[in-house]
Amino acid sequence: MFRFACGMGSARWIDFGPFWRQFDVSFEPSWFVIVGAVVGTLGIGFVVFVGVWLVASMIEGWRSRPVPQLDNPVLEGATRDLAGAVELLRRGEDQPRADALLGSARGKIARCRHRLSRDELRALTTAWNLVALATRAGA
Numbered sequence: 000m001f002r003f004a005c006g007m008g009s010a011r012w013i014d015f016g017p018f019w020r021q022f023d024v025s026f027e028p029s030w031f032v033i034v035g036a037v038v039g040t041l042g043i044g045f046v047v048f049v050g051v052w053l054v055a056s057m058i059e060g061w062r063s064r065p066v067p068q069l070d071n072p073v074l075e076g077a078t079r080d081l082a083g084a085v086e087l088l089r090r091g092e093d094q095p096r097a098d099a100l101l102g103s104a105r106g107k108i109a110r111c112r113h114r115l116s117r118d119e120l121r122a123l124t125t126a127w128n129l130v131a132l133a134t135r136a137g138a
């Protein structure tokens, strides 16, 4: 037993019975190449699958994100109009109403754009990106 544990002897002296002798396969380097190729292909396929799934779920999460609402009274409810338009576009209902809401929001934002902070402008950019995604999804 000591010789086997230290690697000084052959494992053939351990006899597990005639049934197990039929599975005695010598592993040559070609077997390791084949097994490595199969395991590597499966591993790469799994990584690609998980990556595609993560990207798809992130895109879907971004598309279903609510429109940021700003409490600035100067905007006169422009973000509420944008949220309503995005909801109509996502459902694919009442395209003329969505266009009217977008036009109203665009006019309200244009009137007060110079009085908004950078954070508010950034939130409006995010809102318009969501409008663009909803428009492309509805088209």
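Just so you know, the sequence shown maps onto residues 0 to 138 in numbering that gives the first Met the number 0.
Ideal Cβ placement from N, Cα and C applies to all residues, glycine included.
Q) Buried or exposed: where does Thr124 fall if 16 or more other Cβ atoms within 10 Å of its Cβ makes it buried? A) It counts as exposed.
*What distance in whole Å lies between the Cβ atoms of Leu87 and Asp93, which are believed to be in contact at a cut-off of 8 Å?*
5 Å
heavy atom of the ligand GDP below 6 Å from Trp30 C-beta:
Ligands are entirely absent from the displayed structure, and the ligand GDP is therefore not among its contents.
Using the beta-carbon count (16 or more within 10 Å), is Glu59 buried or exposed?
Exposed.
Next item on the list: Output yes or no for whether 7 Å exceeds the beta carbon distance between Leu53 and Glu119.
Entry: The Cβ-Cβ distance between Leu53 and Glu119 does not fall below 7 Å.
| said: Just verifying my parser: in three-state terms, what is the DSSP assignment at Leu74? | reply: helix
Terminal residues of the continuous alpha helix (DSSP H) containing Asp93? Looking at the DSSP string, Asp93 is not in any alpha helix (DSSP H), and its letter there is neither H nor E.
Discussion item. Pro67 and Ala122 - do their beta-carbons sit closer together than 7 Å?
Written reply: Yes; because the gap between Cβ atoms is below 7 Å, this pair is in contact.
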